[in-house]
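Accompanying notes for the structure given below.
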Amino acid sequence: MNYSVVFYFDDETDNKITSLIHLIVDNGVNDYLILNKVPPHITIADFDCEDISSVINSLEVYKEKIRQDFVYWASIGLFNPSVLFLAPIVNQFLLKSCEMVNNLIKAVPKAENNSYYIPNQWVPHTTIAAKLSSQEIERAFLVVNDNFKAFGGYVTKLALVQNEPRTDIKVWNLQE
Numbered sequence: 168m169n170y171s172v173v174f175y176f177d178d179e180t181d182n183k184i185t186s187l188i189h190l191i192v193d194n195g196v197n198d199y200l201i202l203n204k205v206p207p208h209i210t211i212a213d214f215d216c217e218d219i220s221s222v223i224n225s226l227e228v229y230k231e232k233i234r235q236d237f238v239y240w241a242s243i244g245l246f247n248p249s250v251l252f253l254a255p256i257v258n259q260f261l262l263k264s265c266e267m268v269n270n271l272i273k274a275v276p277k278a279e280n281n282s283y284y285i286p287n288q289w290v291p292h293t294t295i296a297a298k299l300s301s302q303e304i305e306r307a308f309l310v311v312n313d314n315f316k317a318f319g320g321y322v323t324k325l326a327l328v329q330n331e332p333r334t335d336i337k338v339w340n341l342q343e
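Rendered as structure tokens:
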């Protein structure tokens with residue numbers, strides 16, 4: 168089974184990103200993220216695992232070691248061929264979180280990390296449109312380019328998510 172460890176944001180940040188996603192959809196781009204109930208997030212690890220309880224136990228310990236932190240989204244990016252995203256400025260909080268969580272997962276027997284999300288290969292991002300055709304990429308980019316201004320917000324939650332179908336397994340509130 169495939170899982171991710173993600174960060175969720177404070178309400179104001181979540182609403183700002185969600186509004187941008189809806190604006191993209193309102194301008195004729197597919198609604199994959201909305202239909203699949205994918206909330207705004209930053210994935211810090213992605214992995215396959217047979218025994219998720221070991222990962223949950225490790226994350227229970229890890230979440231006590233981190234606090235809410237600030238992230239600043241400063242640019243628009245594209246994973247060719249089909250994902251448009253907002254890119255946060257990489258900071259120590261994001262780098263250390265990615266490294267620590269991937270190390271936790273590596274220690275779990277029969278867990279295998281996805282190489283796109285391991286330290287020094289990972290591109291932190293918040294997807295705002297996915298499964299895009301070439302025409303949708305162009306349309307979505309124009310909408311975002313006209314409406315995006317750099318902004319900051321807070322990571323307030325850590326979550327373990329099952330992918331396809333996307334389901335939150337466990338969500339932890341981070342300490343202030």
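Adding 167 to a residue's 1-based position in the sequence shown gives its number in this note's numbering.
We put the beta carbon where it would ideally sit given N, CA and C, even for glycine.
Remember, it's a predicted structure, so these values are computed and weren't measured experimentally.
With respect to the alpha helix (DSSP H) encompassing V311, which residues constitute its N-terminal and C-terminal limits?
-> S301 to N314
Would the C-beta of D193 count as close to the ligand ADP, meaning under 6 angstroms from any of its heavy atoms?
-> This structure simply doesn't include the ligand ADP, nor any ligand for that matter.
Kindly provide the ranges of any alpha helix (DSSP H) runs that are 4 or more residues long and lie completely inside the segment 218-244, ordered along the chain.
-> 219-229
Distance CB(E236)-CB(V322) smaller than 7 angstroms = Here residue 236 turns out to be Asp, not Glu, going by the sequence shown. For D236 and V322, yes; Cβs fall inside 7 angstroms.
Anticipated Cβ contact below 8 angstroms, V275 with D335, distance rounded | Contact flag wrong, Cβ pair sits at about 19 angstroms.
Residue(s) in a DSSP beta bridge with Y284 = Looking at the DSSP assignment, Y284 forms no beta bridge with any residue, so it has no partner.
Quick one, which of S282, V268, N247 and L202 has its alpha-carbon nearest E227's?
-> V268
With DSSP as the reference, label D198 as helix, strand or coil.
-> coil
Alpha carbon to alpha carbon, what distance is there between P286 and Y229?
-> Rounded to whole angstroms, Y229 and P286 show a C-alpha spacing of 17 angstroms.
Grab me the residues of K277's own chain with a C-beta within less than 6 angstroms of its C-beta, minus the 5 sequence neighbours each way, in chain order.
-> E217
Minimum C-alpha distance to V197 - residue among E303, D178 and L327 | The residue asked about is misnamed: residue 197 is Asn in this sequence, not Val. Of E303, D178 and L327, the residue nearest in Cα terms is E303.
So the alpha helix (DSSP H) D178 belongs to, where does it begin and stop?
-> D178 to D193
Between the segment 169-176 and the segment 244-255, are three or more C-beta pairs nearer than 8 angstroms?
-> no
Count the C-beta pairs between the segment 296-311 and the segment 183-200 that are closer than 8 angstroms, then say yes if the count reaches three, no if not.
-> yes
May I ask you to report which of helix, strand or coil DSSP gives V338?
-> strand
Start-end ranges of the alpha helix (DSSP H) lying completely within the segment 247-279, minimum 4 residues = Counting only runs of at least 4 residues, the segment 247-279 fully encloses the following alpha helix (DSSP H) elements, listed from N- to C-terminal order: 259-273.
Which class does A296 belong to by DSSP, given the choice of helix, strand or coil?
-> strand
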